[in-house]
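Under this note's numbering, the first residue of the sequence shown carries the number 341, and numbering increases by one thereafter. What follows is a set of notes on a single structure, which appears directly below.
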Amino acid sequence: MELPFSESFKIKMVEPIRKSTRAEREQWIKDAKYNLFNLKSEQVFIDLLTDSGTGAMSDRQWSAMMVGDESYAGASSYYNLKNAIKRILGFDHFLPTHQGRAAENVLFSAMIKEGDYIPGNSHFDTTKGHIEFRKAHAVDLTIDIASDTEAYHPFKGNIDTDKLEAYMAQNASKVPFIIVTVTNNTAGGQPVSMECLRKTREIANKYGKPVVFDSARFAENAYFIKIREKGYESKTIKEIVAEMYSYADAMTMSSKKDAIVNMGGFIAMRSQELWRACSTFNIMFEGYVTYGGMSGRDMNALAVGLDEGTEFEYLETRIKQVEYLGSRLTEFGIPFQTPVGGHAIFVDANKVLPNMPREQFRAQTLAIELYLEAGVRGVEIGAILADRDPETRENRYPKLELLRLAIPRRVYTNNHMEVIAVALKNVFDRRNQITRGFEITWEAPIMRHFTAELERCK
Ligand SMILES: *Cc1c(COP(=O)(O)O)cnc(C)c1O
């Protein structure tokens, strides 16, 4: 008999989590004004709010922390990280920052000016925020099939390179660089193919523009290339990563994802001139060039995390766990976005609660029901997140209402996945009884989803 698949790690340190009763959860979510961000973590049994900064560090990472060098300038930890970035990603120059959005802030301060256009696949919220803050524009050229939750495409995160070529032919003079997000977080953690990266590079060369990779989940992207793209089956993840970055001039990184640390980020680039331009902003916004927003011990842990995060066995464990949860949901007939991406499952709330008026927030309702059922915390990616139109102040209703279940790295076991799947099945089985959604009683003028207060509709 073939041995079953199993995790590529064993567990040395544990953190207790507590089950609660339905009555307790009823009270807690009411006290939290039906906003899952307001819950205390101890009121949550399985926390799938995000995979960002929530991973478990390894024994090697923890031991690297103990020998962190906290010197203000020229710390050995800085050089450990510099060497890891050079060896794994191929960049000569880098700047540490406290997280991904800080890397965007520094790099974009040097590269973007008012009136610019930045084409790419779907820009992440903070990326778009930093572009628009500079009165420039994000141009989303993701392939059309990405917005169809049921259609299969092995690389649903791709840029449509025909659209990119056409866009550049018209607008190149207003484009400072092209950005590619790997994996495409906004499209559901969907990967970008090597072929797409190569073509993007060719188009950029034709117009003499740099290419920047927003790299939060670059290693998960490399895993999908190995598994799904012809010609890469027998390459190592590190070989694939090296080829990916041969097509980039610079990168921004949120290390809280694929580098498996709880805080941290960086910018890396080929050009010393660009490094010099960014250094000034890094010193102003983050810290001196050899620590940026990070302590020495955190740079040490990050250097190790880059290595571990680009090992096939680790990535296989990670992605198979997300796929396992997906396969259980499929068995139960629960609709979600396919194929499953690298870091999360996106349940299609429009299909679960089709009769609920959209004004009552279908995905939020589903998120609350799942919490009530089993203490599982997901997050709404729907109309509350989409917020109001800045001009008309009308609610915006996006095409999709999704409940995102993001899986932290190396934190939960497949038994936890089983609990999540069955809890969701129980909610799904009684979906016809879920007739009352929620209304907002208070909201902030922007980014309302973090702090909005809600109440169940009468
Ligand atoms: C998380 C993320 C960011 C921002 O990084 P933070 O560390 O949260 O500031 C940028 N881009 C992508 C694709 C991300 O997933």
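Beta carbons are placed, not taken as given, at the ideal position from N, Cα and C, and that holds for glycine. All of these numbers come straight from a predicted model, not from anything done at the bench.
Can at least three beta-carbon pairs, one atom from the stretch 453-461 and one from the stretch 506-519, be found at a separation below 8 Å? yes
Thr526 beta carbon less than 7 Å from that of Ser462: Numbered from 1 along the sequence shown, position 122 holds the residue referred to as residue 462. Numbered from 1 along the sequence shown, position 186 holds the residue referred to as residue 526. Result yes, Cβ atoms of Ser462 and Thr526 sit closer than 7 Å.
Name the one or two DSSP bridge partners that Val719 has. To locate residue 719, count along the sequence shown from 1; it is residue 379. In the DSSP output, where bridge partners are listed per residue, Val719 has Arg744.
Between which two residues does the alpha helix (DSSP H) containing Ile659 stretch? The residue you call residue 659 lines up with position 319 of the sequence shown. Start and end: Phe652 to Glu671.
Compare the C-alpha of Asp647 against each of Asp598, Met603, Asn622 and Ala689 and name the closest. To locate residue 647, count along the sequence shown from 1; it is residue 307. It is Asp598.
What first and last residue would you give for the alpha helix (DSSP H) that runs through Arg702? If you number the sequence shown from 1, residue 702 lands on position 362. Unbroken alpha helix (DSSP H) run through Arg702: Arg702 to Ala714.
Once you ignore the five residues that flank Phe768 on each side, which residues in its own chain have a CB closer than 7 Å to its CB? Locating residue 768 in the sequence shown gives position 428, counting from the first residue. Closer than 7 Å at Cβ, skipping near neighbours: Phe672, Ile674 and Val692.
Cβ contact check for the stretch 635-644 and the stretch 399-419: 3 or more pairs under 8 Å: yes
So, Thr498 versus Cys536, is the Cβ gap smaller than 7 Å? Taking the sequence shown and counting its residues from 1, one reaches residue 498 at position 158. Taking the sequence shown and counting its residues from 1, one reaches residue 536 at position 196. The residue you asked about is not Thr; residue 498 is Asn in the sequence shown. A contact, by the Cβ cut-off of 7 Å.
By Cβ distance, which residues of its chain are closer than 8 Å to Asn695, with the 5 residues on each side in sequence left out? Taking the sequence shown and counting its residues from 1, one reaches residue 695 at position 355. Counting only Cβ-Cβ distances below 8 Å, and skipping sequence neighbours, we find Thr775.
Assign Lys398 to one of three DSSP states: helix, strand, or coil. By 1-based counting over the sequence shown, the position of residue 398 is 58. The sequence shown places Ser at residue 398, not Lys. Coil.
Which residue comes first and which comes last in the beta strand (DSSP E) that contains Met624? Counted from its first residue, the sequence shown places residue 624 at position 284. Segment Gln612 to Phe625 is the alpha helix (DSSP H) holding Met624; no beta strand (DSSP E) there.
How is the beta strand (DSSP E) around Val479 delimited, first residue to last? In the sequence shown, the residue the question calls residue 479 occupies position 139. First-last of the beta strand (DSSP E) with Val479: His477 to Asp480.
Does any heavy atom of ligand 1 sit closer than 6 Å to the C-beta of Thr753? Translated into positions along the sequence shown, residue 753 becomes position 413. No.
In terms of residues, what are the limits of the beta strand (DSSP E) holding Phe606? Along the sequence shown, one-based indexing puts residue 606 at 266. Per DSSP, Phe606 belongs to the beta strand (DSSP E) from Gly605 to Met609.
Exposure label - Ile780; buried when at least 16 CB within 10 Å: For the purposes of this step, residue 780 is identified with residue 440 of the sequence shown, where counting begins at 1. Classification of Ile780: buried, given that the 10 Å Cβ count is 16 or more.
Here's the rule I'm using: 16 or more other beta-carbon atoms within 10 Å means buried, otherwise exposed. How should Pro730 be labelled? As a working note, residue 730 is residue 390 in the sequence shown. Classification of Pro730: exposed, given that the 10 Å Cβ count is below 16.
Beta carbon of Leu743, beta carbon of Leu388: below 7 Å? Position 403 of the sequence shown, counting from 1, holds the residue named residue 743. Position 48 of the sequence shown, counting from 1, holds the residue named residue 388. No, Cβ-Cβ distance for Leu743 and Leu388 is not below 7 Å.
Residues near Arg799 in its chain [Cβ-Cβ closer than 6 Å; skip 5 each side]: Nothing can be reported for residue 799, as the shown portion of the chain is limited to 341 through 798.
Quick one: does the C-beta of Gly681 sit closer than 6 Å to a heavy atom of ligand 1? The residue labelled residue 681 in the question sits at position 341 within the sequence shown. No; taking the cut-off as 6 Å, the Cβ of Gly681 has no heavy atom of ligand 1 nearer than that.
So, with DSSP's three-state summary, where would you put Leu389? Indexing the sequence shown from 1 puts residue 389 at position 49. In the three-state reduction of the DSSP assignment, Leu389 falls in the coil class, being assigned neither a helical nor a strand state.
What does a CB cutoff of less than 8 Å around Gly715 pick up in its chain, not counting 5 residues either side in sequence? Residue numbering aside, residue 715 sits at position 375 when the sequence shown is read from its first letter. Counting only Cβ-Cβ distances below 8 Å, and skipping sequence neighbours, we find Lys359, Ser360, Arg365, Gln383, Val384, Phe385 and Ile386.
Closest Cα partner of Gln396 within the set Val354, Phe431 and Ala413: In the sequence shown, counting from the first residue as 1, residue 396 sits at position 56. Note that residue 396 is Ala in the sequence shown here, rather than Gln. When the alpha-carbon of Ala396 is set against those of Val354, Phe431 and Ala413, the nearest one is in Val354.
Ala476 vs Thr592 beta-carbon contact at 7 Å: As a position in the sequence shown, residue 476 is number 136, starting the count at 1. As a position in the sequence shown, residue 592 is number 252, starting the count at 1. No.
Backbone secondary structure at Thr466 - three-state DSSP: The residue labelled residue 466 in the question sits at position 126 within the sequence shown. Here Thr466 sits in helix by DSSP.
I'd like to confirm the pairing. Which residues does DSSP put opposite Tyr457 in its beta bridges? Sequence index remark: in the sequence shown, residue 457 carries index 117 (1-based). For Tyr457, which the question treats as bridged, DSSP gives the partners His477.
Along the chain, which unbroken stretches of the alpha helix (DSSP H) at least 4 residues long are found entirely within the stretch 518-598? 534-547, 558-568 and 577-586
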